[in-house]
Amino acid sequence: MTQTTEAPVADGTGQPGATPTRTAPTTSTFAKALNAALADAMETDPAVLMFGEDVGPLGGVFRITDGLTARFGEERCFDTPLAEAGIMGMAVGMAMNGMRPVVEMQFDAFAYPAFEQVVSHVAKMPNRTKGRVRLPIVIRIPYAGGIGGVEHHCDSSEAYYAHTPGLTVLAPATVRDAYFMLREAIASPDPVVFLEPKKLYWSKEEVDLAELRRTFDDGEAPRRIGRAVVARAGTDATLISYGPSVPTALAAAAAAAEEGRSIEVIDLRSIVPFDDGTVTESVRRTGRAVVVAEAPGFASVASEIVARVQERCFHSLAAPVLRVTGFDIPFPSPKLEHFYLPSVDRILDAVDALQWEA
Amino acid sequence: MSTATNEGHEGVLDGVRTRTADSALLPSAQPVQLVDPEGRHTPDDRYPLPSGEELLGAYGRLVSGRRINDQANALVRQGRMAVYPSSHGQEACQVAAAVVLGEEDWLFPTYRDTVAVVTRGVDPLEVFTLLRGDWHSGYDPYEHRVATQATPLATQLLHAVGVAHAAKLRGESTVVLAMCGDGATSEGDFHEALNFAAVFHVPVVFFIQNNEFAISVPLTSQTVAPSLAHKAIGYGMPGERVDGNDLAALLAVLGSAVSRARDGGGPSLVEAHTYRMQAHTNADDATRYRSADDVERWIPKDPLVRMRTYLKGLDLLTDEAETELAAAADTIASVIRKGLNTDARIDPAELFEYVYAEKTSQLREQAEQLREELARDAAPADPGVTGNTTKENQR
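Chains A and B, in that order, are what the protein sequence lines are.
Its first residue numbered 176, the first sequence is counted upward by one per residue in my numbering.
Its first residue numbered 1380, the second sequence is counted upward by one per residue in my numbering.
1. Could you run through the stretch 289 to 301 of chain A and flag, in chain order, every residue whose CB is less than 8 Å away from some CB of chain D?
2. My output table needs one value for A/K299: the three-state DSSP class, helix, strand or coil.
3. Looking at C-alpha atoms only, which residue of B/R1459, B/G1560 and B/V1581 is the closest neighbour of B/P1488?
4. Alpha carbon to alpha carbon, what distance is there between A/G409 and A/L529?
5. Would you please state the rounded distance, in angstroms, between the beta carbons of B/G1645 and B/A1705? I believe it to be under 8 Å.
6. When we look at the beta-carbon of B/P1422 and count the other beta-carbons within 10 Å, is it buried (16 or more) or exposed?
7. What's the C-alpha gap between B/Q1528 and B/A1708?
8. Nearest chain A C-beta to B/V1584 closer than 8 Å, yes or no?
9. In whole angstroms, what separates the C-alpha of B/D1502 from that of A/F205?
10. In terms of residue numbering, what span does the alpha helix (DSSP H) encompassing B/M1558 cover?
11. The beta strand (DSSP E) that contains B/H1652, what's its start and end?
12. Measuring CA to CA, which of A/R399, A/R315, A/R389 and A/N302 is closest to A/A284?
13. Starting from A/T134, follow the beta strand (DSSP E) in both directions and report where the run begins and ends.
14. At a CB-CB cut-off below 7 Å, which residues of chain B make contact with A/A266?
15. What residues in the stretch 1516 to 1545 of chain B have a beta carbon less than 8 Å from any beta carbon of chain A?
16. Considering only their Cβ atoms, is the gap separating B/L1556 from B/V1584 smaller than 8 Å?
17. Considering only residues of the same chain and omitting the five flanking positions on each side of A/R299, which have a CB-CB separation below 7 Å?
18. Determine the chain B residues that contact A/P397 at a beta-carbon separation under 8 Å, and present them in chain order.
19. Among B/D1492, B/V1391 and B/Q1745, whose alpha-carbon lies nearest the alpha-carbon of B/L1532?
20. From which residue to which residue does the beta strand (DSSP E) around A/I480 run?
21. When you compare only the Cα positions, how much space is there between A/V484 and B/N1720?
22. Classify B/T1564 as helix, strand or coil using the three-state DSSP reduction.
23. Please report the straight-line C-alpha distance between A/M176 and B/E1744, rounded to a whole angstrom.
24. Look up B/V1578 in the DSSP assignment and say whether it is helix, strand or coil.
25. Straight-line CA distance for A/A482 to A/L511?
26. Nearest-angstrom Cα distance between B/E1470 and B/I1711?
27. Between A/G231, A/L224, A/L243 and A/R444, which lies nearest to A/N210 when the distance is taken from Cα to Cα?
28. Where does B/E1417 fall in DSSP's three states?
29. Answer yes or no: does any C-beta atom of chain B fall closer than 8 Å to that of A/F355?
30. May I ask you to list the residues that DSSP assigns as paired with B/Q1469?
31. Quick check: what's the CA-CA separation for B/F1575 versus B/A1651?
32. For A/D503, which option in A/W531, A/P471 and A/P509 has the closest C-alpha, if you only look at C-alpha atoms?
33. Scan the stretch 492 to 507 of chain A for residues whose Cβ lies nearer than 9 Å to a Cβ of chain B and list them as they occur along the chain.
34. Starting from B/S1740, find everything on chain A with Cβ-Cβ shorter than 9 Å and list it in chain order.
35. Quick one: is B/E1619 buried, meaning 16 or more other Cβ sit within 10 Å of its Cβ, or exposed?
36. With respect to the alpha helix (DSSP H) encompassing A/S457, which residues constitute its N-terminal and C-terminal limits?
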């Protein structure tokens, strides 16, 4: 990670509360932005707690919680026994009793032991109690592939959560969104599954984290939950993507531009709630669409998006809506993952297949 | 269990400080009993007998609790309630679990613990919202600090740990009593909850009602542990066994566990030995897996009978008091009967109201779709066209 020296992040060097005005933007990684978002949320609200496996003194296996225990104490950022259902179930009780727990599931596939708690209680308790019990829990999940991880470290598990009413499911793709969306998730009254694309942890942007904090704390950050964004404007076709696939979609759009095609890219950011408006507006305008996602395509979020686009944009479509997704296989081992992951070429092939000859 | 201390867990092996298995964490060889089935006081030097006033008060709750079970069963038979998992025969556990807690404490009940929930003060009609099929839970958990009745097994034990953990972080003196059955002790969440509670040293009393059956499966098929209370030592917390049909012993043992937790002693596990006198629910046929003889063996151990005998023997329970208790139980039964014989207003629009704090655009659309369907169904029928055909034509 690139060390930024000016932002008030939780490395013990920042001055809590002191956010002097800066003029020049600095560079931050996606991981650093998440770390800053956690620190800023914990400083803003004493009810915010962070716990999970190795998130204490180690700072998490991806260092997203780096420095939080040192800064906020072991009552507010702590290691738990190695038991994901335990982590999730305890978070439910803490949220029932006035806390805003943020929990880390160490890897996507290691979150499965917590699934019953997530589906049966995190998602359902507010409905069960007619809103009397709100569960403002954020479930942070380092997510998806592209990092050469071994089995159980690269799953795209969003469909399981997106299929469960009651959960908000987010997947940021940029450093700015990583910061703002995590702050927004922590502030949300609803439980949020926060999917952090592992391969983007080390991506960088020119951002001033102190400025992001000021913007969020002043209520000036536009809402991102339920709001997709046009990441690249275009007129000929729309690529719809989220999380780890957004940079790939943007690269494909750039390559298509060299071939004379103007491709729009939508970054959903929020899988649930789904922003039908932004997607529909774009596809009605371009008349062509490809959904790009890393998860296996069968019964997937990508399938749902295709169905929704077809229902809403049928009379504007010049071609069937296509998908570029992972194959319907278990996530491959490191030397095989590049055959599996959506690639620029595979996206361009799909764009080429959108019946342009007519 | 009141003798266990943290110091007792420390030892030294070859000069290295270790934790030792402290026998003080083990339950007693036999379940604690203070009043035997014949209604005689059986002294136990670890647990003083609760006062006569305390016993009399709790006995009144016992009488009402039995009446609630009987009334609910009747309402299921009459089709006024979808299902009722009865705690008939386990009412001493139900009452004790509720009355040992203070206002600042929390109770985490299961689906079979309706009597405990009502004893804690929740309106019985709100409790029966679940079982009559009107909503998944009908009461405000914060009003009496009673969590929703858990239907999945053992998951609520972790919620109890979380509530206690949050209270501890805020420096509150809240104690959480979390209930489960013998079958639930086989679940992974049971293990994780006890381990988390012990590691974080939070004030939770885990209370197992061992009624010998998980629907049809007997305890012998769940575990070969010496007792369920013996599991506690594996987590470094004390375990205790108690006669689950002895109201006096339950009050003493659970009361001691609650005091210990409130005083910073950490979690403990209490196993009550009792028996599910009726089928799992009205939908179950218990004759397929146990004999009438098995059930009859427990009839003389009935918790009401022995406490009544004990209290009558000491002239603590007068005839007038009995008449009053019976009248109070009648009143509760009557309220339940009247309430359940009146259809509660159910509003389909509510289906979409509580999924998220704010309805998503998709849920707004779906709520509107249902509203239109209902409006169409309510409108005068178009002659010659059935409702279904109309719907199909519109698609």
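Think of the CB as a built atom: it goes at the ideal place given N, C-alpha and C, for glycine as much as any other residue.
With the given structure in hand:
1. The chain inventory of the structure shown lacks chain D, comprising the protein chains A and B.
2. The count along the first sequence starts at 1 and reaches residue 299 of chain A at position 124. In this structure, A/K299 counts as coil in the three-state DSSP scheme.
3. Residue numbering aside, residue 1488 of chain B sits at position 109 when the second sequence is read from its first letter. Checked all of B/R1459, B/G1560 and B/V1581; the closest Cα to B/P1488 is B/G1560.
4. The sequence position of residue 529 of chain A within the first sequence is 354, counting from 1. The sequence position of residue 409 of chain A within the first sequence is 234, counting from 1. Taking the straight line from one Cα to the other gives about 15 Å.
5. What you label residue 1645 of chain B is simply residue 266 of the second sequence in a count that begins at 1. What you label residue 1705 of chain B is simply residue 326 of the second sequence in a count that begins at 1. Not really, about 42 Å apart at Cβ, beyond 8 Å.
6. Here residue 1422 of chain B is taken as the residue at index 43 of the second sequence, counted from 1. The residue in question, B/P1422, is exposed, as its Cβ has fewer than 16 Cβ neighbours within 10 Å.
7. One-based indexing of the second sequence puts residue 1528 of chain B at position 149. One-based indexing of the second sequence puts residue 1708 of chain B at position 329. Between B/Q1528 and B/A1708, the C-alpha separation is close to 23 Å.
8. For this step, residue 1584 of chain B is matched to residue 205 along the second sequence. Answer no: the Cβ-Cβ gap between B/V1584 and chain A never drops below 8 Å.
9. The sequence position of residue 1502 of chain B within the second sequence is 123, counting from 1. The sequence position of residue 205 of chain A within the first sequence is 30, counting from 1. Near 51 Å, if we compare the C-alpha coordinates of A/F205 and B/D1502.
10. Taking the first residue of the second sequence as position 1, residue 1558 of chain B is located at position 179. No alpha helix (DSSP H) holds B/M1558; the beta strand (DSSP E) holding it covers V1555 to G1560.
11. Translated into positions along the second sequence, residue 1652 of chain B becomes position 273. B/H1652 -> beta strand (DSSP E) spans S1647 to H1652.
12. Position 109 of the first sequence, counted from the first residue, corresponds to residue 284 of chain A. Residue A/R315 is the option with its Cα nearest to A/A284.
13. There is no way to answer for residue 134 of chain A, as the model of chain A reaches only from 176 to 533.
14. Here residue 266 of chain A is taken as the residue at index 91 of the first sequence, counted from 1. Result: G1541.
15. S1516, D1519, P1520, Y1521, A1526, T1527, P1531, T1534, L1536, L1537, H1538, A1539, V1540, G1541, V1542, A1543, H1544 and A1545
16. Translated into positions along the second sequence, residue 1584 of chain B becomes position 205. Translated into positions along the second sequence, residue 1556 of chain B becomes position 177. Yes, the pair counts as a contact, with Cβ atoms nearer than the cut-off.
17. The sequence position of residue 299 of chain A within the first sequence is 124, counting from 1. The amino acid at residue 299 of chain A is misidentified as Arg; the sequence shows Lys. Taken in chain order, the residues that qualify are G341.
18. Here residue 397 of chain A corresponds to residue number 222 of the first sequence, with the count starting at 1. Those within 8 Å of A/P397 in chain B number zero; the least Cβ separation is about 16 Å.
19. Here residue 1532 of chain B corresponds to residue number 153 of the second sequence, with the count starting at 1. If we check each option's Cα against that of B/L1532, B/D1492 comes out closest.
20. Here residue 480 of chain A is taken as the residue at index 305 of the first sequence, counted from 1. A/I480 -> not in any beta strand (DSSP E); alpha helix (DSSP H) instead, spanning V476 to C488.
21. In the first sequence, counting from the first residue as 1, residue 484 of chain A sits at position 309. In the second sequence, counting from the first residue as 1, residue 1720 of chain B sits at position 341. Each residue's Cα considered, the two are about 48 Å apart.
22. Numbered from its first residue, the second sequence carries residue 1564 of chain B at position 185. It is helical.
23. As a first step, residue 176 of chain A is located in the first sequence; it is residue number 1 there, counting from the start. As a first step, residue 1744 of chain B is located in the second sequence; it is residue number 365 there, counting from the start. Interpretation of A/M176 is limited by its pLDDT of 34, a score under 50 that renders its predicted location unreliable; the figure taken from the coordinates is listed afterwards. Rounded to the nearest angstrom, the two C-alpha atoms are 45 Å apart.
24. Against the second sequence, residue 1578 of chain B aligns to sequence position 199. Reduced to three states, the DSSP call for B/V1578 is helix.
25. Along the first sequence, one-based indexing puts residue 482 of chain A at 307. Along the first sequence, one-based indexing puts residue 511 of chain A at 336. Their backbone Cα atoms lie some 30 Å apart in a straight line.
26. Counting from 1 along the second sequence, the entry for residue 1470 of chain B is found at position 91. Counting from 1 along the second sequence, the entry for residue 1711 of chain B is found at position 332. Approximately 16 Å, taken between the alpha carbons.
27. For this step, residue 210 of chain A is matched to residue 35 along the first sequence. Nearest C-alpha to A/N210: A/L243.
28. Here residue 1417 of chain B is taken as the residue at index 38 of the second sequence, counted from 1. Coil.
29. Your numbering for residue 355 of chain A matches position 180 in the first sequence. Answer no: the Cβ-Cβ gap between A/F355 and chain B never drops below 8 Å.
30. Here the question's residue 1469 of chain B lines up with position 90 in the second sequence. Partner(s): none; B/Q1469 has no beta bridge.
31. One-based indexing of the second sequence puts residue 1575 of chain B at position 196. One-based indexing of the second sequence puts residue 1651 of chain B at position 272. Their Cα atoms are separated by approximately 22 Å.
32. On the first sequence, residue 503 of chain A is found 328 positions in, with the first residue counted as 1. Ranking A/W531, A/P471 and A/P509 by Cα distance to A/D503 puts A/P471 first.
33. none
34. Here residue 1740 of chain B refers to the residue found at position 361 of the second sequence. What B/S1740 touches in chain A: G401, P448, F449, D450, D451 and G452.
35. As a working mapping, residue 1619 of chain B is identified with position 240 in the second sequence. So B/E1619 counts as buried.
36. Here residue 457 of chain A refers to the residue found at position 282 of the first sequence. A/S457 -> alpha helix (DSSP H) spans D451 to T461.
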